[in-house]
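Letter by letter, the sequence shown follows residues 1121 to 1634 of our numbering.
Heads up: the structure comes next, in structure tokens.
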Amino acid sequence: MKKIVDLFRKPIFSVLFLTLVPVILCIIGPVFSGKSFFDVWLPGSGWNDEVFYFKQAEAMAEFGSPRGFWGFNESSAVLGGFAAWGPLPIAPFVPALLIFHGSLLAPVLFNAVILSFSCYVLSKSLKSDLLPTLFFGLEIIMFLPLGRYVFSCMSEVLFVSLTILFFALGWSETQDHRTAKIVGLCLILIYMSAVRPYFLILGVFIWYAGFVWRERSRFLCLPAMLLGGLIYVVDGKYFRAEYFAGIYIDWVGKAITHGPRLVAREMLETFVTSFKQMLFIMWDSVVSGNKDGALFLTFVILSIMVLINAIVLLFDHRKEENMRKGGGFLLIFFAQAAVLTAILVMYNLFAGNRHLIVFIVTDFIILTFLAGGRTVNAVFCLLILVFCFTARIGSYRIPVEDSAYRAEYAGDVVTMEETLVLADGRSWDNTVIVVDEDLKAASLSNPDYLEVLFSLPAGFAINYCTQEYVLNNLDSLKARYLLTFEGSDCDMIAYFNDHAKETTFRGFNIYRLR
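Below, the structure is given as structure tokens:
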């Protein structure tokens, strides 16, 4: 028996198990809906962002970029036709779409592969025993929000995977001090901060490690941070359409025009209001299963656990290595506190909470592999996940459909290709306006409403507009096509203004505006 136990303690089993964790996720995820992996169906997700990511990636795979103009209220990027995120978070999905010929499963396969690769590198870098590896694998499997994003075309799994790679490379570099790994860390830093600027905090971790180990090569992080920030600014100015939802707030501009005291007071008021709302939904997650509150609750508890471990290690004067670790963990805690503060001030909670997923996985790595009482911490992580998410499986439903339903969707694609003909070059002729209020109304009565948008011909862009904007500018809209929910205000106005109705299906009408 002892020989069998010793056999499974060999590093190869830890590496193999952790590498296969995303495969396990892909197998068991659809089982809760009584389906298999091959029944996964992105159009049934119910997430608008799913369409935005997939159709832009599809356009990049087919034409290099969208042939129309993505945006909001007919805004558009200065260069190209991308939406508010720009091309950077979407581009990594393009190779998968090319390899799998535009399959709706391509983004899911991409997520599984990149997460498997990052888990493999983590296991090889840490050279951990089987027990903490098993704990970490279980944490990834039981962390339902991450599992749901694996079955998605959004970039959360990409950023989780890059974060795992970052900490795996960082830990490995502290053992062998290879400059090539520093370069790898800086490349990850540049890309992640160019897409989401709060990832500039990763450069602080590189700098801190260079400071405590006195390695000059680590100060490559400074130009990397500068380059990442510069790319973010240039990308935002030239390659992203404006966003109408009021999530991004120009505090700097307001401080110049109205004075810093007014801005500081408004920021504080916003923070206090959002903080109270966060506490409410956290409590609501305990009493009634609020899934957004569960995510915040998990984040806050694990962050506190990281802080406790940091303090314990900082006061361990017997081992200088532990004190170094403690300082690094303290930096991570303050970074997480800063990101949470930014979400409370800049976002509404339900738009911003998915940004916490990366930091929760970071806490898993710290508490399971790197901190002092690893087993106790890992068990605590699992208990938190059981408490916060096990009863909420339905809230993270994997989008699945059977083959007969997908055959019907194939007919919709043919209908759309016959109705909407792609014009040459990049043009407003290749843009479809979708009304925000109409999609919300459709989502209440038609669970498959997003399939209409997925079935748009490759290359077409979606301009997401408010009902007020469409009604006020109906005679001067730049886009050639308007998609409305049958019976809505925009639908009735388009009809009575004698705009040609191109087609009707699944409760939607498509009008040609000019």
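We put the CB at the ideal spot given by N, CA and C, even for glycine.
The stretch 1284-1291 makes contact with the stretch 1241-1257: 3 or more CB pairs, one atom from each, lie closer than 8 Å.
CA-to-CA, the gap between THR1510 and ARG1600 works out to about 47 Å. Burial check for ILE1518: the Cβ neighbour count within 10 Å reaches 16 or more, so the residue is buried. For CYS1273, there is no enclosing beta strand (DSSP E), as DSSP gives it neither H nor E.
Between GLU1557 and the set GLU1521, GLU1606, VAL1520, the nearest pair of CA atoms involves GLU1606. A Cβ-Cβ separation of about 14 Å leaves PHE1137 out of contact with PHE1489 under the 8 Å criterion.
When the Cα atoms are used, GLN1176 and ARG1512 turn out to be separated by approximately 31 Å.
At least 9 Å separates the beta-carbon of GLU1194 from that of GLY1222.
Only exposed fits ALA1300, as fewer than 16 other CB atoms lie within 10 angstroms of its CB. Between MET1536 and VAL1552, the alpha-carbon positions lie close to 12 Å from each other. ILE1486 carries a helical assignment under DSSP once its states are collapsed to helix, strand and coil. In this structure, DSSP gives ARG1526 a helical state, which the three-state scheme calls helix. The alpha-carbon of LEU1434 is positioned some 9 Å away from that of LEU1450. Contact annotation, GLY1164 with GLU1528: C-beta distance approximately 12 Å; criterion of less than 8 Å not satisfied. The alpha-carbon separation between LEU1633 and ASN1550 amounts to approximately 12 Å. Rounded to whole angstroms, the Cβ separation of TYR1269 and THR1139 is 19 Å, and the two are not in contact under 8 Å.
Apart from the 5 residues on each side of it in sequence, ASP1483 sits with its Cβ closer than 6 Å to the Cβ of LEU1422, VAL1426 in its chain, given in chain order.
Non-local beta-carbon contacts of VAL1533 in its own chain, meaning distances under 6 Å to residues more than five positions away in sequence, involve SER1575 in chain order. Rounded to whole angstroms, the gap between the alpha carbons of LEU1559 and PHE1133 is 48 Å. Here the C-alpha atom of TYR1352 lies approximately 10 Å from the C-alpha atom of LEU1208. Annotation: TRP1190 to ILE1485 spans about 38 Å, alpha carbon to alpha carbon. Boundaries of the beta strand (DSSP E) around ASN1583: 1581-1585. For the pair ASN1497 and LEU1487, the CB atoms are nearer than the 9 Å cut-off. ARG1626 places its beta carbon less than 9 Å from that of TYR1569. Pairing ILE1630 with LEU1602 gives a Cβ-Cβ distance under 9 Å.
At a Cβ-Cβ threshold of 9 Å, TYR1328 and VAL1198 do not count as neighbours. Going by DSSP, ARG1632 is part of the beta strand (DSSP E) stretching over 1628-1632. Within the DSSP bridge table, the entry for ALA1620 names ARG1632 as partners. Here DSSP, grouped into helix, strand and coil, assigns PHE1359 to coil. C-alpha of VAL1478 to C-alpha of GLY1448: approximately 17 Å in a straight line.
Between the stretch 1606-1620 and the stretch 1202-1216, the count of C-beta pairs closer than 8 Å stays below three; the two stretches do not touch. Ranked by how close their Cα comes to the Cα of TYR1173, the residues SER1153, PHE1286, LEU1278, ILE1144 have LEU1278 in first place. When the five nearest sequence neighbours on each side are left out, the beta carbons in the same chain lying within less than 7 Å of the beta carbon of LEU1225 are those of VAL1160, in order along the chain. Sixteen is the threshold: since fewer than 16 other Cβ atoms of the shown chains lie within 10 Å of the Cβ of GLY1154, the residue is exposed. According to the DSSP secondary-structure assignment, VAL1555 is paired through a beta bridge with CYS1585. Annotation: PHE1605 is outside any alpha helix (DSSP H); the continuous beta strand (DSSP E) that includes it extends over 1601-1605.
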